[in-house]
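In the numbering used here, the protein residues as written are 595 to 678.
Built from N, CA and C at the ideal position, the CB exists for glycine as well.
No experiment lies behind these values; they were computed from the predicted model shown.
Structure first, commentary second.
This is the structure we're talking about:
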């Protein structure tokens with residue numbers, strides 16, 4: 595089963611510097627390799643628990659979809675992140 599995203603905190607951040615974003619949902623732990631993407635850009639992250647990931651938002655513009663891909667289970671639903 596793919597990971598499920600419920601919230602991004604915050605759901606917006608700076609366009610030209612990195613910032614920390616907490617992703618909450620389910621299906622993050624003990625499921626094999628994960629990839630967190632802001633739009634098409636993969637980013638650095640830490641799995642805090644099965645329900646929380648702390649990610650670093652890359653630089654960007656506009657609004658992008660944040661997703662979590664579990665290698666064996668597919669890609670989560672998308673949540674919007676807006677660069678300001």
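For the options 614, 602, 595, the alpha carbon positioned closest to that of residue 623 is the one of 595. Under the DSSP assignment, residue 636 falls in the beta strand (DSSP E) whose first and last residues are 635-637.
Excluding the 5 residues flanking it on each side, residue 656 has same chain C-beta neighbours closer than 7 Å at 677, in chain order. Rounded to the nearest whole angstrom, the CA to CA distance from residue 597 to residue 653 is 24 Å. Collapsing the DSSP output to three states places residue 645 in coil.
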